[in-house]
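What follows is one structure encoded as structure tokens, with my remarks underneath.
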Amino acid sequence: MEVLQVYNKMNLYLLLILQLFAVFVYSYSPNPRSGHLSAFINNKLYFISGSTTLDRTVISNDFFYIDCSMSFNGTIDSIPYTSLSDLPGIPSIDVSGSSVIGPYNDIILTFGGIGKNNSYGYPLIYTYDTKNYTWNSLTTNGIKPPIRKGVRPTYTSGRLYAFGGFNYINGTYYNSIDLLDTIGFIWSNITLSNAPSGRDGYVSNLLPNGNIIYLGGYLSGQTIGLDTAYLYNTNNNTWRNMTTLGVTPESRGHFTSVLGLNKNRLIIYGGESTKGYNHAATPTLVVLDLSSEPFTWISQNVSGDFIPPPLLLHTANVVNNYMIIAYGFNYQTNLLSSDIYILDISNDSEYTWVNEFNLNLKNPSLISFPTYKSTCTDNKA
1 MEVLQVYNKM NLYLLLILQL FAVFVYSYSP NPRSGHLSAF INNKLYFISG STTLDRTVIS
61 NDFFYIDCSM SFNGTIDSIP YTSLSDLPGI PSIDVSGSSV IGPYNDIILT FGGIGKNNSY
121 GYPLIYTYDT KNYTWNSLTT NGIKPPIRKG VRPTYTSGRL YAFGGFNYIN GTYYNSIDLL
181 DTIGFIWSNI TLSNAPSGRD GYVSNLLPNG NIIYLGGYLS GQTIGLDTAY LYNTNNNTWR
241 NMTTLGVTPE SRGHFTSVLG LNKNRLIIYG GESTKGYNHA ATPTLVVLDL SSEPFTWISQ
301 NVSGDFIPPP LLLHTANVVN NYMIIAYGFN YQTNLLSSDI YILDISNDSE YTWVNEFNLN
361 LKNPSLISFP TYKSTCTDNK A
């Protein structure tokens with residue numbers, strides 16, 4: 001009997017320790033921010049850096065993730081956050097871009113951006129190895145690109161494509177592609193006469209056929225229209241323009257885009273129509289049908305009671321059946337946000353804003369694609 005009592009007490013103590021550990025691990029709550037980065041790898045939605053003040057004078061080196069291996073609701077206290085901010089070597093960057101690279105899609109790469117004190121005096125590329133929990137600044141060879149902000153790098157087949165960007169110190173917009181071979185970490189530059197105009201704050205996504213689609217952004221401080229999609233063919237290194245059909249949404253910069261679950265839709269959220277936190281682009285959520293050419297802007301049915309405000313400098317990632325939007329500048333409050341918003345995109349006929357990330361709703365019939373196709377992010381100064 002005494003042995004049984006001791007055993008029961010030990011189990012009770014162990015349970016209490018596990019509960020305290022869970023409270024400790026998931027008690028982290030991030031500060032409001034914008035201009036951060038995100039990447040989804042192995043059931044973890046990572047967030048990196050960004051500015052925690054409206055005037056962008058404070059750039060954090062925060063690094064944390066949401067555990068997406070479990071269900072949760074969207075209230076801050078219920079989100080399973082874990083902070084990794086004690087790791088050495090975390091970059092402090094704003095207006096940067098990120099991509100997931102590596103043969104196993106398990107390395108986060110950051111490209112460019114603005115450092116502390118509005119500087120460009122820092123490494124062009126940082127990497128985080130999710131297996132070894134290590135940050136490193138990457139040493140590369142070849143034709144090294146200039147550091148700039150507002151680039152959305154895209155990764156496929158061992159190569160990283162970095163188009164455009166803006167260097168605010170010398171006022172230069174770039175319209176070439178810097179190509180990084182991630183096997184030997186060698187840069188080359190691709191400059192073509194029919195490339196789109198230089199820009200930053202655009203969106204880019206890798207399509208299943210090997211094309212990268214580019215939309216919107218800024219040129220000379222003005223937002224670029226969404227009536228033209230620019231397609232870069234990674235198979236033969238050529239550009240072509242496509243005039244979109246349908247009712248064209250308002251021009252915008254510093255917005256987000258993700259591919260739908262079947263990879264035949266581009267879901268766009270947020271952004272601004274004029275620079276300077278003044279005018280949220282409308283409609284806030286728009287969808288481009290990619291199923292046939294020319295691509296067509298379509299009217300999307302959206303329901304739900306947990307509709308987010310118009311946002312700027314946020315991030316968006318596809319995780320299971322959901323698009324998860326995080327943080328950014330909130331046009332309703334004119335403040336930075338620490339909230340996440342969850343859109344169920346499993347039904348193309350009607351998307352639904354929900355307050356719960358429910359793993360049980362994952363559709364096993366959907367094909368799993370590499371996460372780098374929807375994890376690129378970009379932000380604004």
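FYI, the numbering for the sequence shown is 1 to 381, going by full-length UniProt numbering. From the three backbone atoms N, C-alpha and C, an ideal C-beta is built for every residue, glycine too.
Buried/exposed call for residue 381, threshold 16 Cβ in 10 Å: Caution is warranted here: a pLDDT of 38 is assigned to residue 381, below 50, making its placement in the model unreliable, and the coordinate value is therefore given only provisionally. Burial call: buried.
Straight-line gap, residue 238 to residue 164 (C-alpha atoms, nearest Å): Distance between the alpha carbons of residue 238 and residue 164 is about 15 Å.
Bridge partners - residue 259, DSSP secondary structure assignment: Residue 259 pairs with 266.
Buried versus exposed, by CB contacts within 10 Å (16 or more), residue 131: When all chains shown are included, residue 131 counts as exposed.
Counterpart residues of residue 142 in DSSP-defined beta bridges: Beta-bridge annotation (DSSP): residue 142 is paired with 187.
Of the listed residues 347, 189, 172 and 133, nearest to residue 261 (C-alpha basis): The option with the nearest alpha carbon to residue 261 is 347.
Burial state of residue 134, where buried means 16 or more other Cβ atoms lie within 10 Å: For residue 134, the number of other beta carbons within 10 angstroms of its own is below 16, and it is reported as exposed.
For residue 77, three-class secondary structure by DSSP: Helix, per DSSP.
CB contact flag (residue 198, residue 147, <7 Å): Going by C-beta atoms, residue 198 is not nearer than 7 Å to residue 147.
Where the beta strand (DSSP E) through residue 272 begins and ends: In the DSSP annotation of this structure, the continuous segment of the beta strand (DSSP E) that includes residue 272 starts and ends at 272-274.
Inter-residue spacing [alpha-carbon to alpha-carbon] between residue 286 and residue 352: Inter-residue distance for residue 286 and residue 352 is about 14 Å (C-alpha atoms, whole angstroms).
Euclidean distance between Cα positions of residue 95 and residue 216: Roughly 16 Å between the two C-alpha positions.
Status (buried if at least 16 other CB within 10 Å, exposed otherwise) for residue 25: Its pLDDT being 48, under 50, residue 25 is placed unreliably in this model, and the coordinates cannot settle the point.
Local Cβ density within 10 Å of residue 70, reported as buried at 16 or more and exposed below that: Of the other Cβ atoms in all chains shown, fewer than 16 fall within 10 Å of the Cβ of residue 70; this residue is therefore exposed.
Extent of the continuous beta strand (DSSP E) to which residue 101 belongs: First-last of the beta strand (DSSP E) with residue 101: 97-101.
Endpoints, beta strand (DSSP E) assigned at residue 177: Segment 177-181, the beta strand (DSSP E) holding residue 177.
Cβ pair residue 229, residue 295 closer than 7 Å: Yes, the pair counts as a contact, with Cβ atoms nearer than the cut-off.
CB contact flag (residue 304, residue 354, <7 Å): Closer than 7 Å, so yes.
Helix, strand or coil at residue 170 according to DSSP, with G and I counted as helix: Three-state DSSP puts residue 170 in coil, outside helix and strand.
Touching by the beta-carbon criterion (3+ pairs, under 8 Å), the segment 155-162 and the segment 236-252: The answer is no - the segment 236-252 does not touch the segment 155-162, with fewer than three Cβ pairs under 8 Å.
Nearest to residue 221 (by Cα), restricted to the options 187, 171 and 205: If we check each option's Cα against that of residue 221, 171 comes out closest.
Residue 200 classed as buried or exposed, judged by whether at least 16 other C-beta atoms fall within 10 angstroms: Buried: at least 16 other Cβ atoms inside 10 Å.
Coarse secondary structure for residue 84, derived from DSSP in three states: Looking at residue 84 - three-state DSSP - the assignment turns out to be coil, as it is neither helix nor strand.
Pick from 184, 277 and 288 that is closest to residue 248, judged by C-alpha positions: Checking every option, the nearest Cα to that of residue 248 belongs to 288.
Which listed residue (324, 252, 333 and 311) has its alpha carbon closest to that of residue 68: Selection 324, 252, 333 and 311 evaluated against residue 68 yields 324 as nearest (Cα-Cα).
C-alpha gap between residue 356 and residue 282, whole angstroms: C-alpha separation (whole angstroms): 26 Å.
Close-in-space but distant-in-sequence residues of the same chain around residue 138 (CB under 6 Å, 5 per side omitted): Closer than 6 Å at Cβ, skipping near neighbours: 125 and 127.
Residue-chain proximity (residue 48, chain B), Cβ-Cβ < 7 Å: Annotation note: the requested chain B is absent from the structure, which comprises a single protein chain.
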